[in-house]
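Here is the structure we will look at.
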């Protein structure tokens with residue numbers, strides 16, 4: 015009998031320290047290393063951390079109470095911060111005060127910025143009282159003016175004289191979380207139905223696949239509109255919030271279910287599953303302990319890519335007046351006022367909520383892309 | 086193959102039935118039936134409906150019968166007589182209201198699809214054959230923005246730019262002076278000058294995703310041995326690329342009928358509201374806000390019908406053009 019004594023024992027193959035680190039790293043470490051190479055995704059992650067921090071401490075970052083009506087300054091244009099002008103460089107930057115006038119023809123009140131009266135922007139100033147997380151009462155704001163009674167509307171005001179910046183900041187609390195809740199519901203539905211479909215197969219699989227096909231073949235926005243219109247009119251704010259999330263997840267789960275089903279189908283015949291089965295492991299334990307961890311990274315990528323769709327859908331529905339409704343503040347409800355051309359022409363700053371929507375959606379898309387590339391580190 | 090096509094067409098009918106059932110369920114979700122709302126509305130406006138007419142309508146739409154019977158009544162009225170029910174906000178049969186709107190929706194979505202194809206095809210081929218070139222990066226970047234910016238926001242921003250920079254109103258499909266005028270060359274030119282806005286707004290997102298799939302497919306093809314062999318035999322690069330790999334990588338264009346058209350129809354709903362186009366969007370939104378459920382439901386049903394047909398056509402085309410597709 016021939017023995018293969020030319021084969022070296024594995025310990026003797028010289029490998030560098032870096033290689034060894036790579037070989038002994040856990041799956042999540044490998045994913046993280048690969049994800050870190052995706053520069054756009056890393057930047058997007060930093061952007062999202064900032065956005066969620068602002069949403070969490072909305073009362074602190076918003077200069078005003080978002081529901082405060084200052085009728086005196088309705089439809090006032092943005093007082094964008096000025097870093098330099100004819101008087102030289104300003105640090106901290108300044109804002110110009112308003113001068114109110116009447117349009118000689120329409121008699122509408124219009125505001126001009128007076129570049130002679132400068133107000134420096136201060137950090138950590140005392141202003142209106144607010145409650146952080148609804149518990150801690152304080153009056154310290156991130157930015158403000160020396161005199162809290164002076165008008166200070168960095169992004170202008172709406173038709174009732176409410177501060178747009180504060181409304182956008184408070185709106186992020188709803189807009190940034192509704193997607194998370196929606197994706198969570200989709201995830202549960204998707205794993206459950208996709209898992210059943212992929213693991214059991216047979217007529218249950220056929221039935222669930224048909225259902226997914228039917229749901230996906232209906233045009234989503236008209237379907238969502240019809241569903242939201244069917245929501246009872248007398249719901250309170252929290253109920254509407256959850257009603258809309260459930261409606262949004264009704265389509266979202268199909269994509270996750272598809273991923274889960276595909277993975278279940280391919281994993282079912284792997285040797286390690288067979289080994290677990292012959293060891294007498296229960297079906298539930300095989301699914302939870304052996305199968306789910308091996309594709310959870312793919313799931314996270316699919317979820318991240320589902321998030322921006324949810325955020326956009328909420329914005330679209332609320333914009334049309336069939337999603338969240340005032341007094342709930344979200345980026346979508348803020349945009350509701352821009353449906354007609356007159357509003358866009360006279361008060362274009364009401365379009366500002368578009369900016370955070372686009373930034374958030376782009377950031378989630380980049381992260382999702384990075385995760386998808388990194389999801390399978392052994393490939 | 087013909088067996089598969091036949092099976093696919095036969096499957097279409099039950100799917101359509103399930104979709105119509107879901108639509109009917111949605112119509113029935115709000116409390117009360119449409120006749121109650123109609124009577125209430127007429128009372129509010131000072132007129133009233135005589136009991137005979139009410140009973141007639143109740144019988145016509147089987148309103149006092151159980152749910153399943155109402156559904157079968159509704160669907161058989163549509164199939165046999167083209168009667169979609171009655172809109173109480175317009176006080177007219179739904180079938181009088183929807184067809185021109187559906188026609189415009191169809192026209193605009195198909196035009197956007199053609200625009201998407203025309204734009205995506207050369208860009209995808211260029212990006213794949215010039216991978217990692219400056220223009221490839223530029224197109225990828227623009228594509229990403231196109232994917233991320235929802236088209237109704239793009240429409241809003243375009244409206245604002247049109248107003249503040251060019252001082253023109255970009256809404257609608259006709260200028261006010263042509264709206265009710267008969268068709269003429271001048272009206273047609275005016276129509277074209279309005280048409281490009283919704284087409285571009287709707288087309289951007291689809292173009293981006295189509296470029297990405299087609300580029301990836303073509304890149305896979307370009308690395309295959311047959312390309313190398315053809316090159317070794319001395320085929321000119323242009324001849325080689327257009328004749329073989331591009332044709333193989335064309336599948337996403339056909340399947341975009343199934344994936345893109347539903348998105349376009351869906352997106353057109355909301356873009357039309359922003360741009361006030363005479364399509365299904367604005368009227369359906371009003372109908373939903375007013376709970377005019379027969380009107381809204383008919384729109385939903387017909388739009389779903391469009392998407393189902395487009396999926397069917399795309400599946401059949403794929404089988405015909407690509408014999409490698411597995412039609413089990």
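Residue numbers (my numbering), protein chains in the order written: chain A, 15 to 393; chain B, 86 to 413.
Beta carbons are placed, not taken as given, at the ideal position from N, Cα and C, and that holds for glycine.
- Listed in chain order, the positions of the segment 165 to 192 of chain B with a beta carbon within less than 7 Å of a beta carbon of chain A would be empty, since no residue qualifies.
- For residue 362/A, the chain B residues whose C-beta falls within less than 8 Å of its own C-beta are 245, 249, listed in chain order.
- For residue 203/B, the closest alpha carbon among the candidates 341/B, 405/B, 306/B, 381/B is that of 341/B.
- The segment 307 to 352 of chain B contains no complete beta strand (DSSP E) run of 3 or more residues.
- One finds nothing in chain A with a Cβ atom closer than 8 Å to the Cβ of residue 298/B; even the nearest lies about 14 Å away.
- Listed in chain order, the beta strand (DSSP E) runs fully inside the segment 97 to 177 of chain A are 102 to 116, 123 to 134, 136 to 146, 150 to 158, counting runs of at least 3 residues.
- Relative to the Cα of residue 384/B, the nearest Cα in the group 86/B, 371/B, 157/B belongs to 371/B.
- Rounded to whole angstroms, the Cβ separation of residue 362/B and residue 283/B is 6 Å, and the two are in contact under 8 Å.
- Think of a sphere of 9 Å around the beta carbon of residue 329/A: the chain B residues whose beta carbon falls inside it are 235, 237, 238, in chain order.
- When Cβ-Cβ separations below 8 Å define contact, residue 286/B makes no contact with chain A.
- Put simply, the backbone Cα of residue 106/B is about 7 Å away from that of residue 156/B.
- Between residue 235/A and residue 351/B a beta carbon distance of about 4 Å is seen, short of the 8 Å cut, so the two are scored as contacting.
- Scanning 108/A, 61/A, 177/A for the CA closest to the CA of residue 89/A turns up 177/A.
- Secondary structure note for residue 372/A: its alpha helix (DSSP H) is the uninterrupted segment 368 to 388.
- Scanning 405/B, 316/B, 381/B for the CA closest to the CA of residue 336/B turns up 405/B.
- Relative to residue 91/A, the option among 35/A, 127/A, 62/A, 37/A whose CA is nearest is 127/A.
- Selection 375/A, 33/A, 38/A, 49/A evaluated against residue 390/A yields 49/A as nearest (Cα-Cα).
- The bridge partners DSSP lists for residue 178/B are 171/B.
- By the neighbour-count criterion, in which 16 or more other beta carbons inside 10 Å mark a residue as buried, residue 302/B falls on the buried side.
- When secondary structure is reduced to three states using DSSP, residue 201/B falls in the helix class.
- In this structure, the alpha-carbon of residue 364/A lies about 20 Å from that of residue 72/A.
- Counting of Cβ neighbours within 10 angstroms places residue 255/A among the buried residues, the total reaching 16 or more.
- The shortest C-alpha to C-alpha distance from residue 100/B to any of 194/B, 396/B, 408/B, 179/B is the one to 396/B.
- Exclusion of the five residues before and after residue 304/A leaves 286, 287, 290 as the residues of its chain whose Cβ lies within less than 7 Å of its Cβ.
- Shown here for residue 139/A: same chain residues with a beta carbon closer than 8 Å to its own, the five before and five after excluded, namely 154, 155, 157, 158, 159, 160, 162 in chain order.
- A Cβ of chain A is located within less than 8 Å of the beta carbon of residue 384/B.
- DSSP places residue 215/B in no alpha helix (DSSP H); its state is neither H nor E.
- For residue 158/B, the enclosing alpha helix (DSSP H) stretches over residues 152 to 166.
- With its beta carbon less than 8 Å from one in chain A, residue 376/B belongs to the interface.
- Taking a contact as a CB-CB distance under 8 Å, the pair residue 345/B and residue 291/B counts as one, their CB atoms being some 5 Å apart.
- A Cβ-Cβ contact shorter than 8 Å links residue 85/A with residue 175/A.
- Exclusion of the five residues before and after residue 107/A leaves 95, 96, 97, 134, 135 as the residues of its chain whose Cβ lies within less than 8 Å of its Cβ.
- Among the residues facing chain B, residue 243/A is included, as its CB has a counterpart in that chain under 8 Å away.
- A Cβ of chain B is located within less than 8 Å of the beta carbon of residue 233/A.
- Proximity of residue 372/A to chain B, defined by a Cβ-Cβ separation below 8 Å, is satisfied.
- Neighbours of residue 248/A in chain B, taken as residues at a C-beta separation under 9 Å, are lacking, since the least C-beta distance is about 11 Å.
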